[in-house]
Amino acid sequence: MTSRPVRLLVANGCSYTRGAELGRAEDAWPALVADALGIPWVNLGCDGGSNRRVVRTTVANLDRLAAQHHVRVEDVLVICMWTGLSRHECFTRPRDKGHGFRPALPDELHWHRLSRWRIQIKDRLSEAYYRHLWSERGALTNFALDWLMLDGYLRSRGACARYVFAWDVLRFDPDDQSRALLASLDPTAVYGGTATNSRTSFNGETTGRFPTGDMQHPLEEGHSAFGASMTRWLRTQGIDTAVPPAAPSTGRTASVGREGSAAG
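Each residue of the sequence shown is one higher than the one before, starting from 1 at the first, in full-length UniProt numbering.
Here it is, written out as structure tokens:
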């Protein structure tokens, strides 16, 4: 087994990555995995965030975060947790109002989250998107292409990229084209061993076994169990800290260190 030393963990996803309904960012699975590996961490997760946002913010912040923590991009472990395919985003001049935690990233509040849950609060952009633009097949094809492009970019930069599903986001049958695109991804880089089936997921491994919050998010016990499972999986692939870790940054909201908080 080839050893792959890492010196910084960058995690991205939705509220399941961010740690919604937890009391502390340090109790979310990304922080627990990083602590087990003995490296600093940055959690770019966003409540209500989309997969398109995962791609955008990972690419936009990778170099900055590596430089901020004094490591090479090649020494960064990037873990992306894919969320519901029906979500999207668009850039708007007005700021996206409230409704969950948003990390302190440049222009973050100008990226308007589009999702079905926002229709319930009369979000006009979400209403228009689902009425005129969204389709199940189109969303799946876009997701497959987004994943392929992000994975290609991270590999070209030398980063160590790993992927996991928040829940069973591929529960509907993929069409042949989308299945072929997903099947071309490296299955060993996916927690669960396949990119075409999302039954192995954070939610799938914790629902019914551990308490959830009022909004049905996993709480401390679920994050702890999943973080431990994720750490074991990473170590079976030789991913660990084989070099002295980078010096932790200060625990500011916009600069996450080993004992930092959850914004990038």
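We put the CB at the ideal spot given by N, CA and C, even for glycine.
Would residue i be called buried (16 or more neighbouring beta carbons within 10 Å of its own) or exposed?
| i | result |
| --- | --- |
| M215 | exposed |
| A67 | exposed |
| D63 | exposed |
| L85 | buried |
| R102 | buried |
| F165 | buried |
| P218 | buried |
| P174 | buried |
| P30 | buried |
| M230 | buried |
| R53 | buried |
| H132 | exposed |
| G48 | buried |
| residue 274 | Any answer about residue 274 is impossible in this case: the structure gives the chain only from 1 up to 264. |
Please list, in chain order, all residues of the same chain as residue i whose beta carbon is under 8 Å from its beta carbon, the five residues on each side excluded.
| i | result |
| --- | --- |
| I121 | H99 |
| V6 | L37, I39, D75, V76, L77, C160, I239, D240, T241 |
| T196 | L170, P174, R179, L182, A183 |
| T188 | Q237 |
Kindly list the residues whose CB is nearer than 6 Å to the CB of residue i, restricted to its own chain and excluding five residues on each side of it in sequence; keep chain order.
| i | result |
| --- | --- |
| T17 | A11, G45, M81 |
Write down the C-beta distance between residue i and residue j rounded to the nearest angstrom, noting that I regard them as a contact closer than 8 Å.
| i | j | result |
| --- | --- | --- |
| L114 | L105 | In fact, because the Cβ distance is near 18 Å, the residues do not count as touching under 8 Å. |
| L181 | A144 | 4 Å |
| D151 | S201 | About 18 Å; that fails the 8 Å criterion. |
| H69 | L8 | 5 Å |
So, for residue i: in the same chain, excluding its five sequence neighbours on each side, which residues have a beta-carbon less than 7 Å away from its beta-carbon?
| i | result |
| --- | --- |
| E221 | F210, P211 |
| S135 | none |
| H88 | S50, R52, L114, Y129 |
| Q177 | T141 |
Consult DSSP for residue i and reduce its assignment to one of helix, strand or coil.
| i | result |
| --- | --- |
| P218 | strand |
| S198 | coil |
| P106 | coil |
| E21 | coil |
| L77 | strand |
| C46 | coil |
| A36 | helix |
| H99 | coil |
| F143 | helix |
| I119 | helix |
| W41 | strand |
I need the boundaries of the alpha helix (DSSP H) containing residue i, first residue and last residue.
| i | result |
| --- | --- |
| H112 | Premise fails: H112 lies in the beta strand (DSSP E), 111-114, not in any alpha helix (DSSP H). |
| V190 | No alpha helix (DSSP H) contains V190, which DSSP labels as neither H nor E. |
| L181 | 176-183 |
| R56 | 51-68 |
What are the start and end residues of the beta strand (DSSP E) that includes residue i?
| i | result |
| --- | --- |
| H132 | Looking at the DSSP string, H132 is not in any beta strand (DSSP E); the run it does join, the alpha helix (DSSP H), is 124-132. |
| A161 | 160-165 |
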